[in-house]
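Under our numbering, read the sequence shown as residues 180 to 730, first letter to last. No residue lacks a Cβ here, since even glycine has one placed at the ideal position from N, Cα and C. Notes follow once the structure below has been shown.
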Amino acid sequence: MECPKCNSNIDLSYEDFKDYDPKCVHCGFYYYLRHVLRLACSAWMKIDKHENYYFRNVHENLYEPFIQMNNKKVNPIQGAISVGEYLINAFKSLVNVYPKEDLVFMTLALRELATWKIILERNDAWASVQVRNVAHTFTNILESVEEDKFGDIAILEETDFITAFVMIEEIEKIISNVFNCSHFSWNPNLEEIIKTRVENDHLAFYHKYFEVEELLKPEEIEFENAKINNFLEQRNMTIFYIKNSVSIELEHLFGFSFKDLVSLREDIISISKDKEQIFEILPLAEDISIKIAFVFKNQIMDAWSNKIENILKFMTYNPTYNSGDSFYKLNNPHMDYKFIYNFEDLLAIGFLDSSNSITIFENVSTSDHFIEDIFGKSSTKVFKKAQRDISYLMGMKIADYFSERKGFYVPMQQKGVPNINIKTIVGNGIKKRIVNRENQDLGDIDAVVVDIVHKEILLFEIKYYKPATNNLDMLKKDKKIFEDINKILERAKWVEENISDIIEAWNLDTSSYTLKTLLITGRPNYYGEQVQREMNNIEYYTFDSIFRKYS
180 MECPKCNSNI DLSYEDFKDY DPKCVHCGFY YYLRHVLRLA CSAWMKIDKH
230 ENYYFRNVHE NLYEPFIQMN NKKVNPIQGA ISVGEYLINA FKSLVNVYPK
280 EDLVFMTLAL RELATWKIIL ERNDAWASVQ VRNVAHTFTN ILESVEEDKF
330 GDIAILEETD FITAFVMIEE IEKIISNVFN CSHFSWNPNL EEIIKTRVEN
380 DHLAFYHKYF EVEELLKPEE IEFENAKINN FLEQRNMTIF YIKNSVSIEL
430 EHLFGFSFKD LVSLREDIIS ISKDKEQIFE ILPLAEDISI KIAFVFKNQI
480 MDAWSNKIEN ILKFMTYNPT YNSGDSFYKL NNPHMDYKFI YNFEDLLAIG
530 FLDSSNSITI FENVSTSDHF IEDIFGKSST KVFKKAQRDI SYLMGMKIAD
580 YFSERKGFYV PMQQKGVPNI NIKTIVGNGI KKRIVNRENQ DLGDIDAVVV
630 DIVHKEILLF EIKYYKPATN NLDMLKKDKK IFEDINKILE RAKWVEENIS
680 DIIEAWNLDT SSYTLKTLLI TGRPNYYGEQ VQREMNNIEY YTFDSIFRKY
730 S
């Protein structure tokens with residue numbers, strides 16, 4: 180690459196930073212940044228390899244004496260907060276001798292490594308989530324330090340940062356436990372809170388699906404059936420159209436679209452390759468390494484002069500913690516979708532992290548869940564319509580899946596296209612609206628499937644709840660699952676009372692059929708298992724698990 184200060188050629192493939200004597204200070208800056216990124220990766224990899232040693236050291240030397248002195252003297256939550264505050268202060272003392280910008284830049288390497296870990300560790304998304312949480316907590320704690328407290332010592336050795344990252348992971352764990360215990364009324368003792376990640380059966384179920392397993396994402400539904408695709412295209416209800424409508428609204432409200440984010444990422448990578456502005460920071464295998472791309476703002480301004488400031492305003496990875504914020508806000512999940520590192524006129528992104536962040540942002544923004552959190556403005560009708568349309572596609576996907584399987588009957592609205600959102604049972608001269616005895620509308624049945632072999636009529640009730648990013652979201656939003664239970668039960672009762680007409684309308688054999696109601700949510704719902712336990716005639720499944728159930 181060419182140094183923008185002295186125009187000298189800089190060879191970023193030069194390996195030994197310590198022995199390199201740059202022609203100017205500015206030249207040396209880029210070798211230094213590469214070194215900082217490498218150091219962050221190598222420190223984390225050593226923690227991964229020797230985690231038993233590092234974390235046992237904290238538990239034995241810090242936690243054990245504290246537990247012995249305070250286990251019966253202090254409230255467990257307050258005791259855990261005391262430990263967390265001690266670690267935070269120790270972390271600040273360890274790292275504030277370094278420049279703040281250099282420290283924040285290290286988290287770019289952690290985020291890129293986090294995305295690679297999904298590939299390296301056989302799709303163990305939990306390992307990736309942990310690294311990203313460490314990056315967020317690291318960045319936010321730095322924000323709580325006064326600017327004039329930071330030093331100007333260059334980051335040269337990894338020793339401090341192995342210690343710092345271990346501290347941050349312990350802090351993040353304690354934050355999570357304090358938050359969970361406070362909001363879920365758990366009563367673990369002090370040792371449990373500071374030594375383990377506290378979970379109960381509900382939360383274990385939730386994390387199993389939400390953070391570890393690869394989900395079928397409702398925002399990425401596609402159909403192989405050409406007739407269904409044509410049907411949806413005529414009604415502007417394909418995933419492409421839904422996302423495009425949200426993207427247009429996003430640009431109208433905030434000055435950039437999903438397509439702009441993808442295009443900017445492609446331009447940054449293309450220019451960085453052309454100008455040899457790439458940091459290769461960690462070899463993984465032959466011909467594979469973790470890479471960070473960077474450009475200078477003036478290299479992209481001509482193409483992006485109208486939109487770059489809007490994108491940087493919302494998509495730059497900045498701390499979100501403010502003085503006075505509560506303890507648990509040190510880990511802010513909404514930082515996951517900010518992928519650009521902006522240092523003066525230098526813009527840097529991780530190759531995989533940027534792509535992953537844009538995809539996640541596109542999916543979650545297709546509902547209205549994160550719009551206010553990220554942009555500070557309430558969502559509009561476009562986002563709410565997108566949510567309803569995706570629920571429709573979930574019903575169509577489920578009905579289409581069963582229509583292709585032997586032993587199942589699915590009512591059709593036209594050849595090859597399942598009938599979903601059913602308000603009226605029609606066929607063989609029968610036309611019956613789904614209403615109660617007072618002729619009041621009971622709403623529609625999202626999808627109906629008849630299991631001919633087992634003589635069951637399966638009623639699918641589909642709810643596309645907005646994805647939760649933390650446990651407070653689960654408490655506030657997932658509980659809405661109970662709001663629709665009465666209507667779901669009323670519709671099931673109507674089907675039972677009119678089952679003979681349904682059999683005739685759909686030309687089913689005259690055998691007796693039992694009824695089963697299946698409640699489906701786009702993602703795991705915290706209260707799903709409770710609904711299933713308390714409602715004997717309702718079974719609960721996630722969108723992906725229903726396909727596994729009937730595979």
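Item to check | Reference Tyr507, options Phe358, Asn618, Val710, Phe518, closest by Cα | outcome: Within the sequence shown, residue 507 is the residue found at index 328, counting from 1. Considering only alpha carbons, the answer is Phe358.
Next on the checklist: Rounded to whole angstroms, what is the Cα-Cα separation between Thr342 and Leu321?
Outcome noted: For the purposes of this step, residue 342 is identified with residue 163 of the sequence shown, where counting begins at 1. For the purposes of this step, residue 321 is identified with residue 142 of the sequence shown, where counting begins at 1. Each residue's Cα considered, the two are about 16 Å apart.
Checklist entry - On the three-pair Cβ rule with 8 Å, is the segment 477 to 495 touching the segment 425 to 435? => result yes
Checklist entry - Is the Cβ-Cβ distance between Phe518 and Asp504 less than 8 Å? => result Translated into the one-based positions of the sequence shown, residue 518 becomes position 339. Translated into the one-based positions of the sequence shown, residue 504 becomes position 325. No, Cβ-Cβ distance for Phe518 and Asp504 is not below 8 Å.
Checklist entry - Looking at the structure shown, is Arg712 part of a helix, part of a strand, or coil, going by DSSP? => result Looking up residue 712 in the sequence shown gives position 533. DSSP places Arg712 in helix when its eight states are reduced to three.
Checklist entry - Which class does Phe512 belong to by DSSP, given the choice of helix, strand or coil? => result Sequence index remark: in the sequence shown, residue 512 carries index 333 (1-based). First, the amino acid is wrong: residue 512 is Pro here, not Phe. If DSSP states are grouped into helix, strand and coil, Pro512 belongs with the helices.
Next on the checklist: If you measure between the beta carbons of Pro183 and Phe475, is that distance less than 8 Å?
Outcome noted: Position 4 of the sequence shown, counting from 1, holds the residue named residue 183. Position 296 of the sequence shown, counting from 1, holds the residue named residue 475. Taking 8 Å as the Cβ cut-off, Pro183 and Phe475 qualify as a contacting pair.
Item to check | Own chain partners of Glu683 with C-beta closer than 7 Å, once the 5 adjacent residues on each side are dropped | outcome: The residue you call residue 683 lines up with position 504 of the sequence shown. Correct list, in chain order: Asn607, Ile609.
Next on the checklist: Quick check on the burial criterion: 16 or more other C-beta atoms within 10 angstroms. Buried or exposed for Phe661?
Outcome noted: Taking the sequence shown and counting its residues from 1, the one referred to as residue 661 is at position 482. Exposed: under 16 other Cβ atoms inside 10 Å.
Checklist entry - Does DSSP put Asp630 in a helix, a strand or coil? => result What you label residue 630 is simply residue 451 of the sequence shown in a count that begins at 1. Strand.
Checklist entry - Just the Cα atoms here: how many angstroms apart are Gly330 and Leu282? => result Here residue 330 is taken as the residue at index 151 of the sequence shown, counted from 1. Here residue 282 is taken as the residue at index 103 of the sequence shown, counted from 1. The alpha-carbon atoms of Gly330 and Leu282 are separated by roughly 11 Å.
Next on the checklist: If distances are taken between C-alpha atoms only, which option among Tyr211, Met346, Tyr719 comes closest to Ala269?
Outcome noted: Here residue 269 refers to the residue found at position 90 when the sequence shown is read from its first residue. Closest option to Ala269, Cα to Cα, is Met346.
Checklist entry - Where do the N-terminal and C-terminal ends of the alpha helix (DSSP H) with Thr603 fall, by residue? => result Sequence index remark: in the sequence shown, residue 603 carries index 424 (1-based). Unbroken run through Thr603 is the beta strand (DSSP E), 603 to 606; no alpha helix (DSSP H).
Checklist entry - When you compare only the Cα positions, how much space is there between Gln309 and Phe554? => result Here residue 309 is taken as the residue at index 130 of the sequence shown, counted from 1. Here residue 554 is taken as the residue at index 375 of the sequence shown, counted from 1. If I take the Cα positions, the gap works out to 25 Å.
Item to check | Ala259 and Ile373 closer than 8 Å at C-beta | outcome: The sequence position of residue 259 within the sequence shown is 80, counting from 1. The sequence position of residue 373 within the sequence shown is 194, counting from 1. Cβ atoms of Ala259 and Ile373: closer than 8 Å.
Item to check | Under 8 Å between C-beta atoms of Leu463 and Trp295 | outcome: Taking the sequence shown and counting its residues from 1, the one referred to as residue 463 is at position 284. Taking the sequence shown and counting its residues from 1, the one referred to as residue 295 is at position 116. It is a contact, given that the beta carbons lie within the stated cut-off.
Next on the checklist: According to DSSP, is Tyr233 part of a helix, a strand, or is it coil?
Outcome noted: For the purposes of this step, residue 233 is taken as residue 54 along the sequence shown, with counting starting at 1. It is helical.
Checklist entry - Can the beta-carbon of Glu428 be found less than 8 Å from the beta-carbon of Phe562? => result What you label residue 428 is simply residue 249 of the sequence shown in a count that begins at 1. What you label residue 562 is simply residue 383 of the sequence shown in a count that begins at 1. Cβ distance < 8 Å, so Glu428 and Phe562 count as in contact.
Next on the checklist: Quick check: what's the CA-CA separation for Asp657 versus Asn368?
Outcome noted: Indexing the sequence shown from 1 puts residue 657 at position 478. Indexing the sequence shown from 1 puts residue 368 at position 189. Their backbone Cα atoms lie some 28 Å apart in a straight line.
Checklist entry - Looking at the C-beta of Ile487, does it have a partner C-beta in chain D at a distance below 8 Å? => result In the structure shown, chain D cannot be found, because there is only a single protein chain.
Checklist entry - How close, in whole Å, do the beta carbons of Asn665 and Asp625 come, if the pair is a contact with beta carbons under 8 Å? => result Position 486 of the sequence shown, counted from the first residue, corresponds to residue 665. Position 446 of the sequence shown, counted from the first residue, corresponds to residue 625. In fact, because the Cβ distance is near 16 Å, the residues do not count as touching under 8 Å.
Next on the checklist: If I measure Cβ to Cβ from Leu218 and keep anything under 6 Å in the same chain, skipping five residues before and after, which residues do I get?
Outcome noted: Within the sequence shown, numbered from 1, the residue matching residue 218 stands at position 39. Excluding residues within five positions, the ones whose Cβ falls inside 6 Å are Glu337.
Item to check | Chain-order list of residues whose beta-carbon lies under 7 Å from that of Gln711 (same chain, five-residue window excluded) | outcome: Residue mapping note: residue 711 aligns to position 532 of the sequence shown, counting from 1. Only Ile717, Glu718, Tyr719 meet the Cβ criterion.
Item to check | Straight-line gap, Leu335 to Glu399 (C-alpha atoms, nearest Å) | outcome: For the purposes of this step, residue 335 is identified with residue 156 of the sequence shown, where counting begins at 1. For the purposes of this step, residue 399 is identified with residue 220 of the sequence shown, where counting begins at 1. Rounded to the nearest angstrom, the two C-alpha atoms are 44 Å apart.
Checklist entry - Cβ of Ile725 within 8 Å of Cβ of Leu697? => result Start at 1 with the first residue of the sequence shown, and residue 725 comes out as number 546. Start at 1 with the first residue of the sequence shown, and residue 697 comes out as number 518. Their beta carbons are under 8 Å apart, which means Ile725 touches Leu697 by this criterion.
Next on the checklist: Only counting the same chain, and skipping five residues up and downstream in sequence, which positions put a Cβ closer than 6 Å to that of Ile450?
Outcome noted: Walking along the sequence shown from the start, residue 450 turns up at place 271. Only Val474, Gln478 meet the Cβ criterion.
Checklist entry - Whose C-beta lies closer than 6 Å to the C-beta of Asn598 among residues of the same chain, with five residues either side of it excluded? => result Here residue 598 is taken as the residue at index 419 of the sequence shown, counted from 1. Here the set comprises Pro590, Met591, Gln592.
Item to check | Nearest neighbour of Thr316, chosen from Tyr496, Lys225, Asn186 [CA to CA] | outcome: Taking the first residue of the sequence shown as position 1, residue 316 is located at position 137. Of the candidates Tyr496, Lys225, Asn186, the one whose C-alpha sits nearest the C-alpha of Thr316 is Tyr496.
Item to check | Extent of the continuous alpha helix (DSSP H) to which Ala269 belongs | outcome: If you number the sequence shown from 1, residue 269 lands on position 90. Segment 255 to 274, the alpha helix (DSSP H) holding Ala269.
Next on the checklist: So, at 7 Å on beta carbons, what are the nonlocal neighbours of Val425 in its own chain, with the 5 sequence-adjacent residues on each side left out?
Outcome noted: Residue 425 sits at position 246 when you count from the first residue of the sequence shown. Ser544, Thr545, Val561, Phe562, Ala565, listed in sequence order.
Checklist entry - Can you tell me the Cα-Cα spacing of Asp492 and Lys655, whole angstroms? => result As a working note, residue 492 is residue 313 in the sequence shown. As a working note, residue 655 is residue 476 in the sequence shown. Sequence check: residue 492 is Lys here, not Asp. If I take the Cα positions, the gap works out to 29 Å.
Checklist entry - Which whole-angstrom value is the C-beta distance of Val262 and Ile353, which I expect to be below 8 Å? => result Your numbering for residue 262 matches position 83 in the sequence shown. Your numbering for residue 353 matches position 174 in the sequence shown. The Cβ separation is near 6 Å, so the contact holds.
Checklist entry - In whole angstroms, what is the alpha-carbon distance linking Met494 and Phe340? => result Taking the sequence shown and counting its residues from 1, one reaches residue 494 at position 315. Taking the sequence shown and counting its residues from 1, one reaches residue 340 at position 161. Met494 and Phe340: Cα-Cα distance of roughly 26 Å.
Checklist entry - Exposed or buried, what is Arg727 when buried is set at 16 or more other beta-carbons lying within 10 Å of its beta-carbon? => result If you number the sequence shown from 1, residue 727 lands on position 548. So Arg727 counts as exposed.
Item to check | Nearest neighbour of Asn618, chosen from Val632, Tyr571, Lys602 [CA to CA] | outcome: As a first step, residue 618 is located in the sequence shown; it is residue number 439 there, counting from the start. For the residues Val632, Tyr571, Lys602, the minimum Cα distance to Asn618 belongs to Lys602.
Next on the checklist: Mapping the DSSP letters down to three states, classify Asp723 as helix, strand or coil.
Outcome noted: Locating residue 723 in the sequence shown gives position 544, counting from the first residue. Here Asp723 sits in helix by DSSP.
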